[in-house]
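Novice:
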Amino acid sequence: MKKIGYISIFVFLILFTGCSTKSSLVLKDGYSFKEKPSINIDKITNNTSKIYEHNIEEIMKEALMKEFKENNLLALSDNSNIDLEVSILNYEEGNAFKRWLMPGWGATILNVEATLKENGNIIATSKINNNIPAGGAYTIGAWRQVFFNTAEKLVEDIQNEYKQKK
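Quick note on the working numbering: the sequence shown kicks off at 742 and runs consecutively.
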């Protein structure tokens with residue numbers, strides 16, 4: 742009977758875990774957003790030294806544009822004095838079937854470093870580590886979704902800084 746309980750807990754944990762995101766946004770000493778920022782998505786680079794089947798820079802840009810636009814952070818013209826540069830440091834596409842067989846195996850991983858610049862000067866940096874280590878069929882497509890989760894986390898971090906200074 743105890744064995745069934747342990748197995749049930751293990752299955753529950755596997756089914757209801759999936760995504761782990763760690764992030765940190767660090768503002769330059771003394772800097773604070775004086776108003777809600779309007780940010781121009783300037784440059785996305787692949788620094789993984791790998792070539793992928795999908796254009797990961799374009800997917801990252803699409804995700805950032807979507808999240809920034811939905812949260813009214815996207816500059817509507819080139820007049821913004823805040824630019825965002827994102828460097829993709831590590832990306833592993835992963836495999837949903839492997840994640841289902843054994844959590845951790847086949848993980849989808851995306852690690853990025855984002856830099857916010859105002860008039861060319863760095864005002865903030867952010868490191869986001871996104872990991873989808875477990876899950877089954879519901880994590881099919883995680884190779885793409887991880888970019889949108891990462892963009893969402895970056896927006897959340899920027900908004901938290903802006904709201905703290907209000």
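Just so you know, even glycine gets a beta-carbon here, dropped at the ideal spot from N, CA and C.
What does DSSP give as the partner residues of K894 in its beta bridges?
Specialist: In the DSSP output, where bridge partners are listed per residue, K894 has none listed.
Novice: With a cut-off of 8 Å on the beta carbons, I'd call A804 and I780 a contact; round off their distance for me.
Specialist: Not quite, the Cβ-Cβ distance comes to about 14 Å (not below 8 Å), so this is no contact.
Novice: Sorted by chain position, which residues of the same chain lie with C-beta nearer than 7 Å to K763's C-beta, five sequence neighbours on each side aside?
Specialist: N870
Novice: Can you tell me whether L754 is buried or exposed? The criterion is at least 16 other CB atoms within 10 Å of its CB, across all chains shown.
Specialist: Caution is warranted here: a pLDDT of 43 is assigned to L754, below 50, making its placement in the model unreliable, and the coordinate value is therefore given only provisionally. That one is exposed.
Novice: Could you name the residues of the same chain whose beta carbon sits closer than 8 Å to that of E902, not counting the 5 residues immediately before and after it, in chain order?
Specialist: L766, L768, S773, F774, A865
Novice: Should E826 and T856 be called a contact, given that it needs their Cβ atoms to be closer than 8 Å?
Specialist: yes
Novice: Go ahead and label K784 buried or exposed: buried means 16 or more other beta carbons lie within 10 angstroms of its beta carbon, across all protein chains shown.
Specialist: exposed
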